[in-house]
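Notes for the one structure printed next.
Chains as they are written, first to last, in the UniProt record's numbering: chain A, 1 to 434; chain B, 1 to 574.
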């Protein structure tokens, strides 16, 4: 048995660790003991930190459990320490709304009920509706309701930013995703390039904004820049399973730009993550993007190459292409059953069948200057595609706030830790990353 | 008709001093940069920059190319052309743009600046600028080609223009410049790159430590040369030490971050590059593709050094790892060669002493690890008794490294030890024996049902251990799930129920040890009530022995079983 003090110390250690399995293991060790320590603040704070660790460490499903505990505790046993964490708790509503829709077993009504609950609490706190509108936009996108999405997008853009808004990297990232999905590539570049030049301190950035730029550059024919943005973004994302969905996008990039070999290398590196995907949505998208690459490889005559997986025989590329396509299609069907339409299935079918952009982008830094492979127009705008779902902006200060004091979340004795202390404008990348 | 905006120079200067430059001291660097650029433009091998200080003014003279009148007029047009940081950075590629912006920084310390300049074959010009934005241009006295800039100190910052300060700053920024720089007649340039020779002494002087080793750096694509000094003592990986960076032999800054990959926190570097770009403030490196490539190239060179060390001097490598294992492990998460290095050379904590992963594999086949230190301590002894090797993966990166090794090398099998897997190592009883104790197990199970625990019986070592409480990861989280479900409101109750359907719960196990004499006596108890109390006590003892948390329900059970046993043990009152 550990004392509350010892557990506070462990918690401190945990939040300094990089997001990932090891951090989750330590947090869970604390979780198991926390209710016996007799410290309500500790019990709450541990679960609050657990929620974030699960979301950014790739075990989203568990975050619902710890978050719901926090909300109930917040509502039923009001205590002074809640005030200190109110900002974080409200912030985490974003993770939840984002997360719930990614699990087909959760009825849609729950997501919308949560959105309403989020709106009510944000209003009560006197916060801008900016974030709420944004998440209604994201939900509409998921359902394939393009008109509704446009409307919420406009309202999101019109509302003022405030301390609960996603950070100055993530908001433009999501705007860029919208613009990309509508084929407005020049605007993406105009919006995103200055963001890159600024100071980004969020866990999710700059890799997200770089990913948006990758797509935009491909369509504007700035191939060298596209390659550069892809490389930088992938490098930042490749080590955390929480990014499974996005890693799939990088694989798709390789598959559609004449870099099938590099795509296969990535696929081999990440394929075992599929068994412990952070969410069914992530699993579906990664499987679909990979299936597309594998289909390309098969068409190019390399269907006999094999991919290694833990606990499996070596699988030939051609066979894996079918297996992953089936897997993605089956999950899409589950989503559609819940959503009452065929949007996700159509989307996944398109992803699996996606064809090359018609340009060749040399990825090696030493390769010569890239150019269009044929006289075909370098790109055709895709049909309106939903922006991919990001893991969630994580700009509230996790480690920055913990670096100074010994027990940062304890009731302030000498220093004044307050809700306003957790303004999300400057957060630091947690830990030495991974 | 087109008009131009009036630019308030005072405002721009304030803007610069507050937002662009970290300190007004940079004016010396900017002046030197202008002079060197002007000399570079002449392609002369005999560039000279002379600085003189005095109470009234600071003068800096170069024998560079000089400016024509037209160029002088452009000066102010350039100043404040753009407030965007990156564009300012780009503007530096043009000679005049540099001159204008560089000169602007002088207003941080001067109220009046005179530029007396002449180009060969053109009349000399005198430009005088004031910090309130006025300026005039008139013919200047004849002069040799070149430029003299005179600063009239601003009140209150005279100390920044004193002979001592200027000499110090000129030496700091410009000691490696390929021209001759003199301050008040004393030469401050050394002419050669000091890390080419006497590198250890240089490291001691500049960074304050004697390096464990020195690695030469060379990235031709970026015109970069330099040295990486390996720290002899451990550093906190979070404390990202800065590096000393020269651009075209002018000091950019002494504490540049981001030149090395994050894992290389064990090295401090000094480099000179002709191609890397500074940010507008000239105080950091511009984060572009080239910088990324440079970082990768340097990473390669550090990695190469480590690999060579492993091949030629393993003992020295062991010493290095003893100090910097965190950095190497972080690297091993992305890099196969480093992964091998860790596998071969880093001894991990196991329940059979400290051994490397390579040795461990050889002995045990499967790399089995506990994900936290707690889990390791709960299971290490029992695992050892079953001859199951177990690694403590609770240290930073260790678990991740083991998992990665298994993805990279198909011959490696890695398993996170699920506590409940241990039971598969235990022997079951024969059918007859187990059937005979069935009634007892039924009683035991009924007593522990309310605690969500499953009772099983196995035979295992050590025989002195009566019972073992094992919780799988899923079972442990199930507790958290139940607690949250009990608390949840309607909305969240529904969500949690939906999720629960997708994954049925697992229960923790109490494993009774049939090899333990006490347990065997308990199994033979005829009195069901006494048997129940005994099982409850064994449960409580297993909880405490494994340092498992004691929930209120556990505590209540412990109390009643203890009192119950006591009641049996003490003779009744007569």
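Beta carbons: idealized from backbone N, C-alpha and C, even for Gly. In this text the structure is predicted, and so the values were computed from the model without any measurement.
Which residues of chain B have a Cβ atom closer than 9 Å to the Cβ of residue 66 of chain A, listed in chain order? Start at 1 with the first residue of the first chain, and residue 66 of chain A comes out as number 66. Within 9 Å Cβ-Cβ: 480, 484.
Name the chain B residues that come within less than 8 Å of residue 8 of chain A, Cβ to Cβ? On the first chain, position 8 is the one that residue 8 of chain A refers to. Chain B residues near residue 8 of chain A: none, gap ~16 Å exceeds 8 Å.
Along the chain, where does the beta strand (DSSP E) that runs through residue 253 of chain A open and close? Along the first chain, read from residue 1 onward, the residue named residue 253 of chain A stands at position 253. Taken as a continuous stretch (DSSP letters only), residue 253 of chain A belongs to no beta strand (DSSP E), being part of the alpha helix (DSSP H) at 244-256.
Let me know the secondary structure DSSP gives residue 52 of chain A once reduced to three states. Here residue 52 of chain A refers to the residue found at position 52 when the first chain is read from its first residue. Residue 52 of chain A: helix per DSSP, three-state reduction.
Using a C-beta cutoff of 8 Å, does residue 501 of chain B count as contacting chain A? Position 501 of the second chain, counting from 1, holds the residue named residue 501 of chain B. Output row for residue 501 of chain B: interface = yes.
Can you name, in chain order, every residue of its own chain whose Cβ lies under 6 Å from the Cβ of residue 466 of chain A, other than the five neighbours on each side? Missing from the structure shown is residue 466 of chain A; chain A here goes from 1 to 434 and no further.
What's the gap between the Cα of residue 285 of chain B and the Cα of residue 470 of chain B? Along the second chain, one-based indexing puts residue 285 of chain B at 285. Along the second chain, one-based indexing puts residue 470 of chain B at 470. Cα to Cα, residue 285 of chain B sits roughly 54 Å from residue 470 of chain B.
If you reduce the DSSP assignment to three classes, tell me which class residue 401 of chain B lands in. Position 401 of the second chain, counting from 1, holds the residue named residue 401 of chain B. Correct three-state label for residue 401 of chain B: helix.
Skipping 5 residues on each side, what residues in its chain have a beta carbon closer than 7 Å to that of residue 171 of chain B? What you label residue 171 of chain B is simply residue 171 of the second chain in a count that begins at 1. Only 188 meet the Cβ criterion.
Note the first and the last residue of the continuous alpha helix (DSSP H) segment covering residue 98 of chain A. If you number the first chain from 1, residue 98 of chain A lands on position 98. Where residue 98 of chain A is concerned, the enclosing alpha helix (DSSP H) stretches over 80-100.
Are any of the Cβ atoms in chain A nearer than 8 Å to that of residue 374 of chain B? Here residue 374 of chain B corresponds to residue number 374 of the second chain, with the count starting at 1. Answer yes: the Cβ-Cβ gap between residue 374 of chain B and chain A drops below 8 Å somewhere.
CB residue 30 of chain A to CB residue 53 of chain A, shorter than 8 Å? What you label residue 30 of chain A is simply residue 30 of the first chain in a count that begins at 1. What you label residue 53 of chain A is simply residue 53 of the first chain in a count that begins at 1. No, the pair does not count as a contact, with Cβ atoms beyond the cut-off.
For the alpha helix (DSSP H) containing residue 335 of chain A, list its first residue and its last residue. Numbered from 1 along the first chain, position 335 holds the residue referred to as residue 335 of chain A. Unbroken alpha helix (DSSP H) run through residue 335 of chain A: 317-339.
Can you tell me the Cα-Cα spacing of residue 153 of chain B and residue 400 of chain B, whole angstroms? Translated into the one-based positions of the second chain, residue 153 of chain B becomes position 153. Translated into the one-based positions of the second chain, residue 400 of chain B becomes position 400. So the alpha carbons of these two residues sit roughly 59 Å apart.
Indicate whether the contact test is met: 3 or more Cβ pairs, each with one atom in the region 425-435 of chain B and one in the region 488-498 of chain B, closer than 8 Å. no
Measuring alpha carbon to alpha carbon, tell me which residue in B:348, B:405, B:123, B:416 is nearest residue 368 of chain B. For this step, residue 368 of chain B is matched to residue 368 along the second chain. Of B:348, B:405, B:123, B:416, the residue nearest in Cα terms is B:416.
Please tell me whether residue 491 of chain B has its Cβ less than 8 Å away from any Cβ of chain A. Walking along the second chain from the start, residue 491 of chain B turns up at place 491. Chain A contact via Cβ: present.
Is residue 129 of chain B helix, strand or coil when you go by DSSP? Looking up residue 129 of chain B in the second chain gives position 129. Strand at residue 129 of chain B.
Go ahead and pull the three-state DSSP assignment for residue 465 of chain B. Translated into the one-based positions of the second chain, residue 465 of chain B becomes position 465. In this structure, residue 465 of chain B counts as coil in the three-state DSSP scheme.
By Cβ distance below 6 Å, which residues in the same chain neighbour residue 297 of chain B in space, the five residues on each side in sequence not counted? Residue 297 of chain B sits at position 297 when you count from the first residue of the second chain. These residues qualify, in order along the chain: 219.
Quick one: does residue 117 of chain A have its CB under 8 Å from some CB of chain B? As a first step, residue 117 of chain A must be located in the first chain, where it is residue number 117. It does: the Cβ of residue 117 of chain A has a partner Cβ on chain B nearer than 8 Å.
Delimiting residues of the alpha helix (DSSP H) encompassing residue 215 of chain A: Indexing the first chain from 1 puts residue 215 of chain A at position 215. From DSSP, the alpha helix (DSSP H) with residue 215 of chain A extends over 207-220.
Within the same chain, show all residues whose beta-carbon is closer than 6 Å to that of residue 230 of chain A, passing over the 5 residues directly before and after it, in chain order. Residue 230 of chain A sits at position 230 when you count from the first residue of the first chain. Excluding positions up to five away in sequence, the list reads 214, 253.
What in chain B is Cβ-close to residue 69 of chain A, meaning under 7 Å? Position 69 of the first chain, counted from the first residue, corresponds to residue 69 of chain A. Residues of chain B passing the Cβ test: 483, 484, 487.
Near residue 28 of chain A, which residues of its chain fall below 8 Å by C-beta distance, leaving aside the five closest residues on each side in sequence? Position 28 of the first chain holds residue 28 of chain A. The answer, listed in chain order, is 50.
Neighbourhood of residue 43 of chain A by C-beta, 8 Å cutoff - its chain only, sequence neighbours within 5 removed: The count along the first chain starts at 1 and reaches residue 43 of chain A at position 43. The residues are 34, 35, 37, 73.
Taking the runs of the alpha helix (DSSP H) that are 4 residues or longer, which of them lie wholly in the region 317-371 of chain B? 336-345, 357-364
Closer than 7 Å between beta carbons: that is the criterion. Which residues of the region 551-563 of chain B meet it against chain A? 551
Exposed or buried, what is residue 77 of chain A when buried is set at 16 or more other beta-carbons lying within 10 Å of its beta-carbon? Locating residue 77 of chain A in the first chain gives position 77, where the first residue counts as 1. Burial call: exposed.
For the alpha helix (DSSP H) containing residue 303 of chain B, list its first residue and its last residue. As a position in the second chain, residue 303 of chain B is number 303, starting the count at 1. Segment 289-312, the alpha helix (DSSP H) holding residue 303 of chain B.
Report the rounded CA-to-CA distance for residue 364 of chain B versus residue 320 of chain A, giving the unit in angstroms. As a working mapping, residue 364 of chain B is identified with position 364 in the second chain. As a working mapping, residue 320 of chain A is identified with position 320 in the first chain. About 32 Å.
Could you say if the region 242-260 of chain B and the region 270-290 of chain B meet the contact criterion of at least three C-beta pairs nearer than 8 Å? yes
According to DSSP, is residue 42 of chain B helix, strand or coil? Position 42 of the second chain, counted from the first residue, corresponds to residue 42 of chain B. In this structure, residue 42 of chain B counts as coil in the three-state DSSP scheme.
Measure the C-alpha to C-alpha separation of residue 16 of chain A and residue 22 of chain A and round it to an integer number of angstroms. For the purposes of this step, residue 16 of chain A is taken as the residue at position 16 of the first chain. For the purposes of this step, residue 22 of chain A is taken as the residue at position 22 of the first chain. Approximately 11 Å between the Cα atoms of the pair.
Is residue 66 of chain A helix, strand or coil when you go by DSSP? What you label residue 66 of chain A is simply residue 66 of the first chain in a count that begins at 1. Note: residue 66 of chain A maps to helix in three-state DSSP.
Alpha-carbon spacing of residue 256 of chain B relative to residue 290 of chain B, whole angstroms: Within the second chain, the letter at position 256 stands for residue 256 of chain B. Within the second chain, the letter at position 290 stands for residue 290 of chain B. Taking the straight line from one Cα to the other gives about 16 Å.
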